[in-house]
Amino acid sequence: MLDEANSSDSNPSIGSWVFSQEHRESVRILEPQTIWNHTSYLVWRPSVEAVAWVTADQLSSVDEPRPKSFDHLLYRVAAARVVEGLAEDVLLAPLEAGVIPLPHQLVALSKAMSGDKVRYLFADEVGLGKTIEAGLVIRELKLRGLVKRVLVVAPKGLVTQWVQEMRTHFHEEFQLISPSDFSAYRHLVGDDNIWRRFDQVVCPVDSVKPLEKRRGWSRDRIERHNQERIGDLIAAGWDLIVVDESHRLGGSTDTVARYKLGKALADAAPYLLLLSATPHQGKTESFHRLMSLLDKDSFPDVGSIKHENVAPFVVRTEKRNAIDDRGEPLFMPRSTRLIPVEWQDKHALQEQLYEAVTEYVRQGYNQAMRENRQYLGFLMILMQRLVTSSTRAIATALERRLEILKSTTITEDDLNDEGADIIDADSQEQLEELLASKITGLHNEQEEVKLLLETAKRCQVQGTDARAEALLDLLYKTQQEENDPELKFLI
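Numbering (the numbering used here), first residue to last: 19 to 509.
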């Protein structure tokens, strides 16, 4: 038993020295552990420079000697644990991450590390933390000494988030390289490969996809651009490449720029992680192209897309199956219902705007299809979605469209070449790119958009949007039904 003079309540404190009767030497307390009222201690044995577990009844007090610093001992203990973990195939990344992984994230890490080569599609539903899963894999591979150079390719709107999350949760520093940075880096590195300057890089996917042509550019300039952006990137010697929102790499055909980029990236590193909440999207051919990036031999053709072939390469958790660390459902059950919004007399001008935009979209879409201008047809579809959303949303889009139509310089060459990539993008990305593009107007479009915009502005001045009123009514009704005036809503 321990002497009372050595510790309070007969328990030695972390860092104190005691005598181990089992080992017949003085040892230092590193960590206590109590299971079913029986306490054991992880101790440091200086004679063999190793750690061991000793029960409390085997310890007694001693005078404290003067060995190496406690920090040094902790370092040696940590190193010993790493070596032990590697020998036993223990996952190390969760032990030091700045975030507590959820069970499904640990499953993803475990599956990724179960084979000889990490080439997987992480397809968890939105909100389940695929970025955390990728970060765990990155750290695990680095701790095992399997990777050093890591590239993350993500949509423009997510690249900053990637840099922040890797720093916050995993203490990993990634360099963001955007198109605007190339000139500065070129001055810095001269003729050297820009991509070799940093071992961990995040870049926007559209900044590195190959170009076929661009208005005003010579063939030599396009080739130099492609060499710097994609040629040098592929030749930079990556160990692991992570592609976020990877379903876009499947493309609508095997000729679009993003699929060409995907093929190049897939061949540029032994380890590959593809992240996507919606990898299939009902498009089997596109999904096949995506899966072939992981293993072209396993997916030689569309016919190879079968469950038994796909399952070994995919890690997917649905929200309804996700649990927290206590085994409780991570998300509450939800029900979905459509709330119709009826036009009232006070909404007459809003109804007029809706009908006018719908007619504008119908005529514009038909003309775009006749002229084989798919990207303009998609712009019309997005306009219809906006007028359904809110008056403010359609007013903003019409204003931006009118500015483009008034521009004296109208070019479509880039869109003719990249239209398929725009179609493959998400709705918000489609809208931003199309509204910012100088697309030649349809017949009388400038005058029509001007009239629609004037109507939209009158609607905004006249009163509250009908959809906003319906939403407020629903909120008040729900508060009454729940008998809770402080009820909170997530919108």
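Glycine is no exception: its CB is placed at the ideal position from the N, C-alpha and C atoms.
May I have the straight-line CA-CA distance separating residue 483 from residue 283, to the nearest angstrom? The sequence position of residue 483 within the sequence shown is 465, counting from 1. The sequence position of residue 283 within the sequence shown is 265, counting from 1. Approximately 47 angstroms between the Cα atoms of the pair.
**OP:** Alpha carbon to alpha carbon, how far is residue 310 from residue 317? Give it in angstroms, no decimals.
**Re:** Start at 1 with the first residue of the sequence shown, and residue 317 comes out as number 299. Start at 1 with the first residue of the sequence shown, and residue 310 comes out as number 292. Distance between the alpha carbons of residue 317 and residue 310: 5 angstroms.
Cutoff 7 angstroms; reference residue 395; Cβ partners in own chain excluding five residues on either side: Counting from 1 along the sequence shown, the entry for residue 395 is found at position 377. 383, 386, 387.
| message | Just list the residues that DSSP pairs residue 57 with in beta bridges. | response | Within the sequence shown, the letter at position 39 stands for residue 57. Among the bridge pairs identified by DSSP, residue 57 is matched with 52.
**Q.** Cβ-based neighbour list, residue 307, same chain, cut-off 8 angstroms, excluding 5 preceding and 5 following
**A.** Within the sequence shown, residue 307 is the residue found at index 289, counting from 1. If we look at residue 307 and ignore the five residues flanking it on each side, its Cβ neighbours are 267, 268, 269, 272, 277, 280.
- Query: Would you call the segment 239 to 256 and the segment 143 to 151 in contact, with 3 or more CB pairs under 8 angstroms?
  - Reply: Segment contact: the segment 239 to 256 against the segment 143 to 151, fewer than three CB-CB distances shorter than 8 angstroms; contact not assigned.
| Rounded to the nearest angstrom, how far is the Cβ of residue 248 from that of residue 226, given a contact under 8 angstroms? | In the sequence shown, counting from the first residue as 1, residue 248 sits at position 230. In the sequence shown, counting from the first residue as 1, residue 226 sits at position 208. 5 angstroms between Cβ atoms; contact.
Measuring straight from C-alpha to C-alpha, what distance separates residue 228 and residue 207? By 1-based counting over the sequence shown, the position of residue 228 is 210. By 1-based counting over the sequence shown, the position of residue 207 is 189. So the alpha carbons of these two residues sit roughly 22 angstroms apart.
**Request:** Compare the C-alpha of residue 333 against each of 131, 52, 42, 43 and name the closest.
**Result:** The sequence position of residue 333 within the sequence shown is 315, counting from 1. When each option's Cα is compared against that of residue 333, the closest is 131.
message: If I measure Cβ to Cβ from residue 431 and keep anything under 6 angstroms in the same chain, skipping five residues before and after, which residues do I get?
response: By 1-based counting over the sequence shown, the position of residue 431 is 413. With a pLDDT of 48 at residue 431, under the threshold of 50, the modelled position of this residue cannot be trusted, and the question is left open.
Can you say whether residue 368 is buried or exposed, counting buried as having 16 or more other CB atoms within 10 angstroms of its CB? Counted from its first residue, the sequence shown places residue 368 at position 350. Buried is the call here.
> Quick check: the segment 369 to 383 against the segment 490 to 505, are there 3 or more CB pairs under 8 angstroms?
Replying inline: no
Beta carbon of residue 289, beta carbon of residue 159: below 8 angstroms?
-> For the purposes of this step, residue 289 is taken as residue 271 along the sequence shown, with counting starting at 1. For the purposes of this step, residue 159 is taken as residue 141 along the sequence shown, with counting starting at 1. Yes. Within cutoff.
Notebook entry, point to check: For residue 178, is the classification buried or exposed, using 16 other Cβ atoms within 10 angstroms of its Cβ as the cut-off for buried?
Noted result: In the sequence shown, residue 178 corresponds to position 160, counting from 1. Residue 178 comes out exposed.
How big is the Cα-Cα spacing for residue 365 and residue 475?
Position 347 of the sequence shown, counting from 1, holds the residue named residue 365. Position 457 of the sequence shown, counting from 1, holds the residue named residue 475. Their backbone Cα atoms lie some 14 angstroms apart in a straight line.
Mapping the DSSP letters down to three states, classify residue 246 as helix, strand or coil.
Working through the sequence shown from its first residue, we reach residue 246 at position 228. Helix, per DSSP.
Item to complete: Rank 299, 321, 327 by C-alpha distance to the C-alpha of residue 312 and give the top, closest one.
Response: Taking the first residue of the sequence shown as position 1, residue 312 is located at position 294. Ranking 299, 321, 327 by Cα distance to residue 312 puts 327 first.
- Query: When the Cα of residue 135 is compared with those of 258, 49, 196, which residue comes out closest?
  - Reply: Here residue 135 refers to the residue found at position 117 when the sequence shown is read from its first residue. Of 258, 49, 196, the residue nearest in Cα terms is 258.
Exposed or buried, residue 72, counting other C-beta atoms within 10 Å across all chains shown (16 or more means buried)? Numbered from its first residue, the sequence shown carries residue 72 at position 54. Per the 10 Å Cβ criterion, buried.
*Which whole-angstrom value is the C-beta distance of residue 48 and residue 69, which I expect to be below 8 angstroms?*
Residue numbering aside, residue 48 sits at position 30 when the sequence shown is read from its first letter. Residue numbering aside, residue 69 sits at position 51 when the sequence shown is read from its first letter. At roughly 7 angstroms, the Cβ-Cβ gap stays under 8 angstroms, so residue 48 and residue 69 are in contact.
Worksheet entry | Beta-carbon contacts of residue 251 that lie in its chain and below 6 angstroms, excluding the five residues immediately before and after | Taking the sequence shown and counting its residues from 1, the one referred to as residue 251 is at position 233. Cβ contact annotation for residue 251 (same chain, cutoff 6 angstroms, sequence separation greater than five): 213, 226, in chain order.
**Residues sharing a beta bridge with residue 487, DSSP** = Against the sequence shown, residue 487 aligns to sequence position 469. Paired residue(s): none; residue 487 is not in a bridge.
**OP:** Report whether the distance from the Cβ of residue 228 to the nearest heavy atom of the ligand PLP is below 7 angstroms.
**Re:** Only the bare structure without any ligand can be found here, which leaves the ligand PLP out of the picture.
Residue 27, buried or exposed, once every other Cβ within 10 Å from all chains shown has been counted against 16 = Locating residue 27 in the sequence shown gives position 9, counting from the first residue. At residue 27 the pLDDT is 45, less than 50, meaning the model places this residue with poor confidence and gives no usable figure here.
> Is the distance from the Cβ of residue 109 to the Cβ of residue 128 below 8 angstroms?
Replying inline: For the purposes of this step, residue 109 is identified with residue 91 of the sequence shown, where counting begins at 1. For the purposes of this step, residue 128 is identified with residue 110 of the sequence shown, where counting begins at 1. In this structure, residue 128 lies closer than 8 angstroms to residue 109 by Cβ.
Quick check: what's the CA-CA separation for residue 409 versus residue 244? As a first step, residue 409 must be located in the sequence shown, where it is residue number 391. As a first step, residue 244 must be located in the sequence shown, where it is residue number 226. So the alpha carbons of these two residues sit roughly 42 angstroms apart.
Taking its Cβ as the centre, do 16 or more other Cβ atoms sit within 10 Å of residue 296, making it buried, or is it exposed?
On the sequence shown, residue 296 is found 278 positions in, with the first residue counted as 1. Answer is exposed; the Cβ neighbour count stays below 16.
Note down the Cα distance separating residue 488 from residue 359, rounded to an integer number of angstroms.
Here residue 488 is taken as the residue at index 470 of the sequence shown, counted from 1. Here residue 359 is taken as the residue at index 341 of the sequence shown, counted from 1. Between residue 488 and residue 359, the C-alpha separation is close to 7 angstroms.
Buried or exposed for residue 507, going by 16 or more other Cβ atoms inside 10 Å?
Translated into the one-based positions of the sequence shown, residue 507 becomes position 489. When all chains shown are included, residue 507 counts as exposed.
Return the residue from the list 42, 63, 74 that minimises the CA-CA distance to residue 57. In the sequence shown, counting from the first residue as 1, residue 57 sits at position 39. It is 74 whose Cα lies nearest to the Cα of residue 57.
I'd like to check one pair, residue 261 with residue 171: are the Cβ atoms closer than 8 angstroms? On the sequence shown, residue 171 is found 153 positions in, with the first residue counted as 1. On the sequence shown, residue 261 is found 243 positions in, with the first residue counted as 1. Taking the C-beta atoms as reference points, residue 261 is found nearer than 8 angstroms to residue 171.
Assuming residue 349 contacts residue 138 (C-beta within less than 8 angstroms), just tell me the rounded distance between them. The sequence position of residue 349 within the sequence shown is 331, counting from 1. The sequence position of residue 138 within the sequence shown is 120, counting from 1. Your pair residue 349 and residue 138 does not check out as a contact, with CB atoms roughly 24 angstroms apart and the cut at 8 angstroms.
Span of the alpha helix (DSSP H), counted from its first residue to its last, around residue 172:
To locate residue 172, count along the sequence shown from 1; it is residue 154. Premise fails: residue 172 lies in the beta strand (DSSP E), 168 to 172, not in any alpha helix (DSSP H).
For a quick check, are the C-beta atoms of residue 157 and residue 111 less than 8 angstroms apart?
Your numbering for residue 157 matches position 139 in the sequence shown. Your numbering for residue 111 matches position 93 in the sequence shown. Going by C-beta atoms, residue 157 is nearer than 8 angstroms to residue 111.
Would the beta-carbon of residue 162 fall within 8 angstroms of that of residue 255? The residue labelled residue 162 in the question sits at position 144 within the sequence shown. The residue labelled residue 255 in the question sits at position 237 within the sequence shown. It is not a contact, given that the beta carbons lie outside the stated cut-off.
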